[in-house]
Amino acid sequence: MPERSADLVFTNGRIYTLDRKRPWASAVAVKGGRIVAVGEGADVAALTGAATRVVDLKGAMMMPGIVDVHAHLMMGGQAELFELRFPPTASFETLIARVGEAAAKAPEGSWIIGGQWGSDLLPKLNRLEALAALDRVSQGRPVMLRDDTYHNRWVNSQALALAGLSASSSDREKGSIGRDPTTGALTGMMIESAAGIVERTIAQSGHYTEEMDRAAMARSIATLNSYGVTAFLDAAAMQPILAALKGLDDRGELTAWSVSAMPAVEPSFMFGIAGDELIALREQYRGAHAKPDFVKIFLDGVPGARTAAFHEPYTKDPVLGCCFRGSTIVTVPELIRWVGKCEKLGLGVKIHCAGDAAVSQALDAIDVVRSFNGPTKLKHHIAHASYIAPDDIARFADLGVVADLSPFLWYPTSFLEGHKQTMGEARALRFWPNKDLLAAGALLAGGSDWPVMPNPDPWDGIEGLVTRRNPSGEFPGASLWPEQAIDVATALEIFTINSARAIGLADTVGSIEIGKSADLIVLDRNVLETPADDLADTKVLTTYFEGRVVYERA
Numbered sequence: 001m002p003e004r005s006a007d008l009v010f011t012n013g014r015i016y017t018l019d020r021k022r023p024w025a026s027a028v029a030v031k032g033g034r035i036v037a038v039g040e041g042a043d044v045a046a047l048t049g050a051a052t053r054v055v056d057l058k059g060a061m062m063m064p065g066i067v068d069v070h071a072h073l074m075m076g077g078q079a080e081l082f083e084l085r086f087p088p089t090a091s092f093e094t095l096i097a098r099v100g101e102a103a104a105k106a107p108e109g110s111w112i113i114g115g116q117w118g119s120d121l122l123p124k125l126n127r128l129e130a131l132a133a134l135d136r137v138s139q140g141r142p143v144m145l146r147d148d149t150y151h152n153r154w155v156n157s158q159a160l161a162l163a164g165l166s167a168s169s170s171d172r173e174k175g176s177i178g179r180d181p182t183t184g185a186l187t188g189m190m191i192e193s194a195a196g197i198v199e200r201t202i203a204q205s206g207h208y209t210e211e212m213d214r215a216a217m218a219r220s221i222a223t224l225n226s227y228g229v230t231a232f233l234d235a236a237a238m239q240p241i242l243a244a245l246k247g248l249d250d251r252g253e254l255t256a257w258s259v260s261a262m263p264a265v266e267p268s269f270m271f272g273i274a275g276d277e278l279i280a281l282r283e284q285y286r287g288a289h290a291k292p293d294f295v296k297i298f299l300d301g302v303p304g305a306r307t308a309a310f311h312e313p314y315t316k317d318p319v320l321g322c323c324f325r326g327s328t329i330v331t332v333p334e335l336i337r338w339v340g341k342c343e344k345l346g347l348g349v350k351i352h353c354a355g356d357a358a359v360s361q362a363l364d365a366i367d368v369v370r371s372f373n374g375p376t377k378l379k380h381h382i383a384h385a386s387y388i389a390p391d392d393i394a395r396f397a398d399l400g401v402v403a404d405l406s407p408f409l410w411y412p413t414s415f416l417e418g419h420k421q422t423m424g425e426a427r428a429l430r431f432w433p434n435k436d437l438l439a440a441g442a443l444l445a446g447g448s449d450w451p452v453m454p455n456p457d458p459w460d461g462i463e464g465l466v467t468r469r470n471p472s473g474e475f476p477g478a479s480l481w482p483e484q485a486i487d488v489a490t491a492l493e494i495f496t497i498n499s500a501r502a503i504g505l506a507d508t509v510g511s512i513e514i515g516k517s518a519d520l521i522v523l524d525r526n527v528l529e530t531p532a533d534d535l536a537d538t539k540v541l542t543t544y545f546e547g548r549v550v551y552e553r554a
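Numbering follows UniProt numbering, in which position 390 of the sequence shown is assigned residue number 390; successive positions increment by one, without gaps.
Have a look at this one:
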């Protein structure tokens, strides 16, 4: 056969291309890791030679790989391999019991690290009797437990001592050390930047090793591939993460397209150089599949800890009073400078905004930059895009700002119960105005925020987008702002071609078109014909990255 023969041909499939010009096909041909034909059997027949591998899909659904616009790879792998895990819906009693089980097995003096306790437990954990219960079961081992937002920590007395914290310790800027509301004694609760005190203590103790980092990153990529993810954006990539991704790429082991967002300021939970110093090194970490093309800015905190910035005040609090609205970490002039600087460098900006006032401030800053710089092809993201003032919804489209929908919690959760405590039920329920954003013409992109989401399974998120009910069966009968539900086809676009556009890879991934990377997934069902309540049960049978199998379901 002539040299133009394909390496790989798929036939007899229900192939959903996510290309609106040709949404369905039955055959695809691949050569050199790229798609060279899309259509019916006749379209690939001339490309099928003696050496061509032919895969008969037998009617199975194939689609492009998932693009996750917001994940934390190193932390996700560490959580899976090395940490105590329990669901955010776990009760206080379950949490204490699980720590006790871990302490019984842990070597003396070793750290017990785990998560994720639900935001709705924060008031209960922030009491002296809760700390006493944690101390009783930890058998002298230092304990640090992360919450379901990954912004806050709860630690035991041994960990407080190792971190050098006592009753006389003062709060940190943009963070607080929990104290019992009755006695004023430390409770082990560490809010926002204060969480970094204990995280840094653990890092400096030698708990984490280079071997753990390598194992964690490899595990993360494998986990993403198993859910059909073939491209992602790491949303807070410090130098070790950039180095690990580049190392995997150089060794031919990076089985997904990697885009990274470098923190503008050292986060409270990660350590090392950041900002201009880190950005200056970005080309050292660029590879064939590794692209450090974004900068991350944390603009506020999270609603459950009253650290997100809102236009309207939180519910009355004995410490913060009746009129507290939260605050932003970066001023508008600082944000304008960062966005302007990044545009000169050709970098997109991902801005963490959990409260609606933070969203307004981010849009204001981008609006100012647009007035000076004019249009741009760069995509700036508002990460989370969950609580948005109605007047700001249209501004996403007007300014070309991406609504990064992460984590995919578009349904009732313990996360939401925590918001109800701090915001009141009516405001808390106006969470994720996804349909309104679509109607305004905004670009919506799908992200997991793994390990904030305990696993990065996009099918859980896709079902939630469509039903606004909890796919796990928890909170039965409850739905979250059901008027914001969208259809399956739109949800698939959000997790593929839209997300590819958001991270600057639309010419390479996100749809099945000639010339694009052969990043393809085979599913156990046709999700466009599946009852909405069953979408989360979808399983990926095979994941192909550049035409080679990188995951196959046993």
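Ideal placement from N, C-alpha and C gives every residue a C-beta, glycine not left out.
Treat the numbers as computed from the prediction; the structure is a model and nothing was measured.
So what's residue i in DSSP terms, helix, strand or just coil?
| i | result |
| --- | --- |
| L245 | helix |
| V540 | strand |
| I388 | coil |
| A27 | strand |
| P531 | coil |
| T230 | strand |
| G446 | strand |
| K105 | helix |
| A305 | helix |
| R127 | coil |
| L278 | helix |
| D120 | helix |
| L145 | strand |
| I15 | strand |
| G214 | Going by the sequence as given, residue 214 is Arg instead of Gly. It is helical. |
| G175 | strand |
Determine the direct distance from the alpha carbon of residue j to that of residue i, and round the result to whole angstroms.
| i | j | result |
| --- | --- | --- |
| V540 | G188 | 41 Å |
| T307 | R172 | 13 Å |
| T182 | L233 | 44 Å |
| G340 | L444 | 23 Å |
| L245 | A500 | 19 Å |
| R337 | M62 | 44 Å |
| S386 | D364 | 17 Å |
| S472 | V369 | 43 Å |
| G118 | F495 | 26 Å |
| S260 | E129 | 42 Å |
| A506 | A51 | 31 Å |
| A554 | R548 | 17 Å |
| G178 | R22 | 57 Å |
| R141 | Q158 | 7 Å |
| I273 | A37 | 45 Å |
| D533 | L73 | 29 Å |
| A358 | N12 | 49 Å |
Whose CA, out of the options, lies closest to the CA of residue i?
| i | options | result |
| --- | --- | --- |
| K174 | R200, P318 and G326 | G326 |
| V402 | A167, F475 and N498 | N498 |
| K420 | K435, T315, V349 and P390 | T315 |
| R136 | A104, I241 and K124 | A104 |
| Q239 | E93, G196, A532 and G275 | G275 |
| M144 | V36, I96, D436 and F271 | I96 |
| A309 | G321, P318 and T328 | T328 |
| G39 | G374, D457, K435 and W24 | W24 |
| L162 | T201, A222 and A491 | T201 |
| L165 | D180, D147, P407 and L186 | L186 |
| S517 | D19, R20, K31 and Y16 | K31 |
| A243 | A231, H289, P390 and K124 | H289 |
| L57 | S268, P456 and T542 | T542 |
| P456 | P433, A491, L438 and L409 | L409 |
| I462 | G321, P407 and R427 | P407 |
| K377 | K344, D391 and R395 | K344 |
| L248 | A236, A216 and F475 | A216 |
| G59 | V69, R14 and V67 | R14 |
| V332 | H311, Q361 and G304 | Q361 |
| C322 | G424, F271 and L122 | G424 |
| R241 | A90, R286, L492 and D392 | Residue identity check: residue 241 is Ile in the sequence provided, not Arg. Among A90, R286, L492 and D392, the Cα nearest to that of I241 belongs to R286. |
Using 7 Å as the limit for Cβ to Cβ distance, is residue i near chain C?
| i | result |
| --- | --- |
| A231 | Among the protein chains of the structure shown there is no chain C, as only one such chain exists. |
Unbroken stretches of the alpha helix (DSSP H), 4 residues or longer, contained in the segment 309–359: 332–344
field: Segments assigned beta strand (DSSP E), at least 3 residues, entirely inside the segment 59–89
entry: 61–64 and 66–71
query: Is the segment 473–493 touching the segment 7–15, taking contact as three or more C-beta pairs under 8 Å?
result: no
message: With three or more beta-carbon pairs closer than 8 Å as the criterion, would you say the segment 33–46 touches the segment 195–209?
response: no
task: Could you tell me whether the segment 257–275 touches the segment 287–301, using the rule of 3 or more Cβ pairs below 8 Å?
output: yes
- request: Kindly provide the ranges of any beta strand (DSSP E) runs that are 3 or more residues long and lie completely inside the segment 405–472, ordered along the chain.
  value: 443–446
task: Could you tell me which uninterrupted beta strand (DSSP E) segments, each at least 3 residues in length, are contained entirely in the segment 502–526, listed from first to last along the chain?
output: 520–523
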